[in-house]
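Novice: What follows is a structure written as structure tokens; I'll ask about it next.
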Amino acid sequence: MERIIKKQNKLYPKSEMADWFKLFYQSEFGNAHIPEDRNSNFIALKDEIEDKKSNKADIEDIGNGNVRVHLGYLKKIGLSQELFVEIMMQSRLLSKGTREGFSDKVKALEKAVKESSLPITEEEFYTFKESYYAAGCRLISHSERYKEAYNPSYRVIHSEYAKKMDLWAKVEKLQNEAKINGTTVNIAIDGKSSAGKTYLADMFSGIFDCNIIHMDDFFLQNHQRTIERLLQPGGNVDYERFQKEVIPNLKSPVEFTHHTYDCQTNVISEKKICAKTLNIIEGAYSMHPYFGDIYDLRIFMDIDKETQFKRILKRNGELYKSFTNRWIPSENEYFESFKIKNQCDFIFKA
């Protein structure tokens, strides 16, 4: 928190105690305080943007995985207010925080005050701290001095959503164009094991009306797992079935079904896909060259080896060795053989 305090003091030297405690509250608890009602959030956002309080247009790290998005940023990247509200609502679900975590941040401020790093006296600090805790440790407003000097106009969201703001804006633009033309937007999320492909697909599902199609549903059946097949770069997926059952239905918003194969139970079932403008194809091998040029946007999820192994061990337990000795080398061969990462419009690293 020391880094955040130094940066905030440099950006906003006229901050008073109320502004510091507001910062710590938002850093610890994110935007958990916002209403559960989307419409209320939208009206408040719309009114504030129309007031044009501030032209500031950037994203500001406030620590603990939370950021302040200054509202001028929405216009800067072309993101609609409606979609931003969806991002706010999803960020709210990630807001956790504890009283202890908040107190740790206050202690960091106390240390800075004692070291004379801030234009705040110890008496000011302890007096405000006592009254704040006595009032119930709640979210408070910025000081009048801060408002007059900086015209704050922002919303707090989780950094996982903030890191991908350019992606959300791009997808929204493509989706709007496709709705006008009666076409679709097809997006691939490829990348390394445990890098967050499924998590990103879930993020899409939370803020967009979209289909999620998982490449795991196209696992090779036992009779397909020949030595010759497994030696092929990218051969570790039923790309023929994906090409036959999915690709012809991606050109326009139509309802269709495809088969899924569960390698654990050896059971084949059907999955219904609704008629939607936006289709997210998630999983390794989703960009297999066998499929041709079917995507409007390509995303690669990257991860370093150490973090990858830790995640796989935590997620898969006893299957850890199978992943590290078998699946990961096969995936890496596919990535390298077909230069998958180089073809992508967006690359995110875990």
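Adding 489 to a residue's 1-based position in the sequence shown gives its number in the working numbering. Cβ atoms here follow ideal geometry from the backbone N, Cα and C, with glycine treated the same way. Bear in mind the structure is a predicted one, so any value in this text is a computation, not a measurement.
DSSP puts GLY552 in a beta bridge; with which residues?
Specialist: Note: GLY552 sits in a beta bridge opposite ASN555.
Novice: Which partner residues does LEU786 have in the DSSP bridge list?
Specialist: In the DSSP output, where bridge partners are listed per residue, LEU786 has ILE676.
Novice: Cβ of THR673 within 9 Å of Cβ of PRO742?
Specialist: Yes.
Novice: Could you pull out every unbroken alpha helix (DSSP H) segment of at least 4 residues lying fully inside the region 571-621, listed in chain order?
Specialist: Complete alpha helix (DSSP H) runs here, min 4: 588-603.
Novice: In terms of residues, what are the limits of the alpha helix (DSSP H) holding ASN665?
Specialist: Segment 654-670, the alpha helix (DSSP H) holding ASN665.
Novice: With the cut-off set at 9 Å, would you say THR766 and ASP834 are in Cβ contact?
Specialist: Taking 9 Å as the Cβ cut-off, THR766 and ASP834 do not qualify as a contacting pair.
Novice: Locate the beta strand (DSSP E) running through LEU767, then write down its first and last residues.
Specialist: Taken as a continuous stretch (DSSP letters only), the beta strand (DSSP E) holding LEU767 covers 767-771.
Novice: Measuring only the C-alpha atoms, how far is TYR501 from LEU598?
Specialist: Their backbone Cα atoms lie some 15 Å apart in a straight line.
Novice: Give me the Cα-Cα distance between ASN528 and LYS830, rounded to the nearest whole angstrom.
Specialist: Near 39 Å, if we compare the C-alpha coordinates of LYS830 and ASN528.
Novice: At the level of alpha carbons, what is the spacing between LYS740 and GLY554?
Specialist: One C-alpha to the other measures close to 38 Å.
Novice: From the DSSP secondary-structure annotation, give me the bridge partner or partners of PHE827.
Specialist: PHE827 pairs with nothing; no bridge assigned.
Novice: ARG841: buried (16+ other C-beta within 10 angstroms of its C-beta) or exposed?
Specialist: In this structure the chain extends from 490 to 839, so residue 841 is not present and cannot be described.
Novice: Suppose contacts are defined by Cβ-Cβ distances below 9 Å. Is TYR514 in contact with ILE629 by that definition?
Specialist: Their beta carbons are under 9 Å apart, which means TYR514 touches ILE629 by this criterion.
Novice: Taking one C-beta from the region 608-622 and one from the region 495-511 each time, how about it: are there three or more such pairs within less than 8 Å?
Specialist: Yes: the two stretches touch, three or more of their Cβ pairs being nearer than 8 Å.
Novice: Using the DSSP secondary-structure output, state which residues sit across from ARG644 in a beta bridge.
Specialist: Answer is VAL558.
Novice: Report yes if the CB atom of ALA839 is closer than 9 Å to the CB atom of ARG800, and no otherwise.
Specialist: It is a contact, given that the beta carbons lie within the stated cut-off.
Novice: With 16 other CB atoms within 10 Å as the buried threshold, where does ALA684 fall?
Specialist: Buried is the call here.
Novice: Do PHE573 and LEU563 have their CB atoms nearer than 9 Å?
Specialist: Yes, these two residues count as a Cβ contact at 9 Å.
Novice: Using alpha carbons as the reference points, say which of LEU709, GLN753, THR796 lies closest to LEU808.
Specialist: The shortest Cα separation from LEU808 among LEU709, GLN753, THR796 belongs to GLN753.
Novice: DSSP on SER683, reduced to helix/strand/coil?
Specialist: In this structure, SER683 counts as coil in the three-state DSSP scheme.
Novice: Which residue from ARG730, ALA624, ILE576, GLN721 puts its Cα closest to that of GLU825?
Specialist: Ranking the options by Cα distance to GLU825, first place goes to GLN721.
Novice: Over what stretch of residues does the beta strand (DSSP E) that includes GLU759 continue unbroken?
Specialist: Taken as a continuous stretch (DSSP letters only), the beta strand (DSSP E) holding GLU759 covers 756-762.
Novice: Could you give the residue range of the beta strand (DSSP E) that holds THR746?
Specialist: 745-751 is the span of the beta strand (DSSP E), which, as asked, contains THR746.
Novice: Any contact of the region 712-731 with the region 769-785, i.e. 3+ C-beta pairs under 8 Å?
Specialist: The answer is yes - the region 769-785 touches the region 712-731, with three or more Cβ pairs under 8 Å.
Novice: My output table needs one value for PHE708: the three-state DSSP class, helix, strand or coil.
Specialist: Coil.
Novice: So the beta strand (DSSP E) LYS838 belongs to, where does it begin and stop?
Specialist: Unbroken beta strand (DSSP E) run through LYS838: 835-838.
Novice: Report the rounded CA-to-CA distance for THR715 versus VAL756, giving the unit in angstroms.
Specialist: The straight-line gap from Cα to Cα measures roughly 19 Å.
Novice: Can you have a look at GLN710 and say buried or exposed, based on whether 16 or more other CB atoms are within 10 angstroms of its CB?
Specialist: It is exposed - the Cβ of GLN710 has fewer than 16 other Cβ atoms within 10 Å.
Novice: Measure the beta-carbon distance from LYS652 to MET790 and round it to whole angstroms, keeping in mind my assumption that it falls under 8 Å.
Specialist: About 12 Å separates the two Cβ atoms, so there is no contact after all.
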